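Comments concern the structure below.
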Amino acid sequence: MKALVVATPNDKTIANLKIADVKIPKPTTGQVLLRVHAVGLNPVDYKVVEGGVPTWQYPHTLGLDVAGEIVAIGDGVTGWQVGERVSGHGDLTKNGCFAEYVAVPTYQLARLPENVSYETAASLLCGGLTAYTAVERKPNLKNVHTILVHAGAGGVGSIAIQLAKLHGLQVFTTVSTGKIEYVRKLHPAAIIDYQREDVSARLDELTNGRGVDLIIDTVGKAEAQKDLTRLTYNGTLVTIVDVPDIDAAEMFNRGLSLEVVNLGGAHLSNNLAQKADLGRMNAELLQLVATGKVAPLIEKVISFDQLKNGLQAIKDHQVVGKLVAKID
Ligand SMILES: NC(=O)c1ccc[n+]([C@@H]2O[C@H](COP(=O)([O-])OP(=O)(O)OC[C@H]3O[C@@H](n4cnc5c(N)ncnc54)[C@H](OP(=O)(O)O)[C@@H]3O)[C@@H](O)[C@H]2O)c1
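Numbering of the sequence shown is given in the numbering used here, commencing with residue 23 and proceeding in unit increments.
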């Protein structure tokens, strides 16, 4: 079958990725084989190429977010049938879904509602499930009124804004100048152009100096450090890229909480309930999409041959919302 691969451990750039002919995988115990119909592209897909993963065997097939049809069932699998339309977020240490077929463990899967396409489902996984964990699993939303979602035009931010609005929260979001119009479509209470405005000063203004109840940091350590200073008393920071230095903040005096999201970490844990939550959250998010409560913003559906260009565009911050590839 056709697959986008890292051919050798020395191939650490997007440019070095190759389209290769590799064997169709066989589903092992607890797995099903999917005929891939659509895949989602994410920053992590190029980060793992550049960083390398010590346990990979080569050639390694890339890709984490898959939507497809079950075509074969491994030993010990119950409750799943050949022909079902499903999606799931994969384990980055294993061969992935930028290919015509992929074998995946069933705990991560959810069935697609009839009115949800493979492309839509594929767009909701890494970014969508991270946003879902950051809003629906990690913070206690009782007595939360305001939220700052960083990078509202990103895969994570665009879904987090919509989820926060469903809870009735007042949403502030940061965005670069060129992506403001796109974020406007999500109707946040305030858009902060982080390239032209002082984010902390604007938040002070928006909260009458109180600070924000909840912040989702999708940017990195330095921003997360500033976020701790932007929180109100009893505020919570949910961080998805890196953790700030908590010794530098008055965490105790101000009653602050820090939550960390590491979505793919579930695959490597030995906790089946946590692994199964990947599938459960996926099903819950798909339901919100099927009922029109959340609408993923897919910038473009590209072809298999354009996967490399797509990853480069994500790396260059040229994408708004999500890029999805159709695999025929
Ligand atoms: N922990 C986890 O489990 C997990 C899961 C998913 C993603 N992630 C990570 O989370 C990050 C976001 O993921 P994503 O899928 O949303 O990526 P994405 O779709 O590429 O979006 C990232 C966005 O960040 C914006 N940005 C860059 N610097 C910014 C700043 N200082 N303030 C505000 N926005 C800024 C970028 O646009 P502009 O440059 O135009 O502003 C871009 O729109 C990535 O680093 C990803 O690897 C972690």
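Each residue gets a CB set at the ideal place from its N, CA and C atoms; glycine is no exception.
Treat the numbers as computed from the prediction; the structure is a model and nothing was measured.
Outcome for residue i when other beta-carbon atoms lying within 10 angstroms are tallied against a minimum of 16
i: serine 109; result: buried
i: tyrosine 123; result: buried
i: phenylalanine 120; result: buried
i: glutamine 130; result: buried
i: asparagine 165; result: exposed
i: leucine 188; result: exposed
i: serine 291; result: exposed
i: alanine 65; result: A small fix is needed here, since residue 65 is proline in this sequence, not alanine. Buried, because 16 or more other Cβ atoms sit within 10 Å of the Cβ of proline 65.
i: alanine 223; result: exposed
i: alanine 270; result: exposed
i: leucine 12; result: Residue numbering for the chain in the displayed model covers 23 to 350; residue 12 lies beyond these limits and cannot be assessed.
i: lysine 40; result: exposed
i: glutamate 72; result: exposed
i: asparagine 293; result: exposed
i: glutamine 184; result: buried
i: threonine 196; result: buried
i: glycine 301; result: buried
i: serine 325; result: exposed
i: lysine 45; result: exposed
i: proline 76; result: exposed
i: glutamate 245; result: buried
i: glycine 101; result: exposed
i: lysine 201; result: buried
i: proline 31; result: exposed
i: glycine 149; result: buried
i: aspartate 350; result: exposed
Nearest-angstrom Cβ-Cβ length linking residue i and residue j, presumed shorter than 8 Å
i: isoleucine 92; j: glutamine 79; result: That belief does not hold up - the Cβ atoms of isoleucine 92 and glutamine 79 are roughly 25 Å apart, past 8 Å.
i: leucine 86; j: leucine 114; result: 6 Å
i: valine 58; j: valine 88; result: 6 Å
i: lysine 344; j: glycine 62; result: 6 Å
i: methionine 303; j: threonine 199; result: About 33 Å; that fails the 8 Å criterion.
i: isoleucine 262; j: valine 283; result: 5 Å
i: isoleucine 169; j: valine 193; result: 6 Å
i: glycine 98; j: glycine 52; result: 5 Å
i: valine 341; j: alanine 335; result: 5 Å
i: glycine 179; j: tyrosine 140; result: The pair is not a contact, with the Cβ atoms about 24 Å apart (cut-off 8 Å).
i: isoleucine 238; j: valine 311; result: No, isoleucine 238 and valine 311 are not in contact; Cβ-Cβ is about 20 Å, not under 8 Å.
i: histidine 167; j: leucine 147; result: Not confirmed; about 30 Å, so no contact.
i: glutamine 247; j: proline 266; result: 4 Å
i: valine 74; j: lysine 34; result: Reading off the sequence, residue 74 comes out as glycine, not valine. The Cβ separation is near 6 Å, so the contact holds.
i: glutamine 309; j: proline 49; result: So it is not a contact: roughly 27 Å between Cβ atoms.
Beta-carbon proximity of residue i to residue j, cut-off 9 Å
i: alanine 173; j: proline 47; result: no
i: threonine 8; j: alanine 182; result: Because the chain spans 23 through 350 in this model, residue 8 falls outside it and cannot be assessed.
i: arginine 159; j: aspartate 299; result: yes
i: leucine 206; j: leucine 225; result: In the sequence as displayed, the identity of residue 206 is arginine instead of leucine. No. Outside cutoff.
i: proline 81; j: valine 27; result: yes
i: threonine 353; j: asparagine 137; result: Since the first and last residues shown for the chain are 23 and 350, residue 353 lies out of range.
i: alanine 25; j: asparagine 38; result: no
i: leucine 333; j: leucine 208; result: no
i: arginine 107; j: alanine 143; result: yes
i: alanine 186; j: tyrosine 204; result: no
i: valine 346; j: alanine 60; result: yes
i: histidine 111; j: glycine 286; result: yes
i: lysine 337; j: isoleucine 95; result: no
* **Length at least 4, wholly inside the segment 209-291: the alpha helix (DSSP H) runs in chain order** => 221-228, 243-252, 273-276, 287-290
* Quick one: which unbroken alpha helix (DSSP H) runs of 4-plus residues sit fully inside the segment 55-80? Chain order, please. => 65-73
* To do: Report the residue ranges of all beta strand (DSSP E) runs contained in full by the segment 136-173; include only those spanning at least 3 residues, in chain order.
  => 168-171
* **Start-end ranges of the alpha helix (DSSP H) lying completely within the segment 316-347, minimum 4 residues** => 329-337
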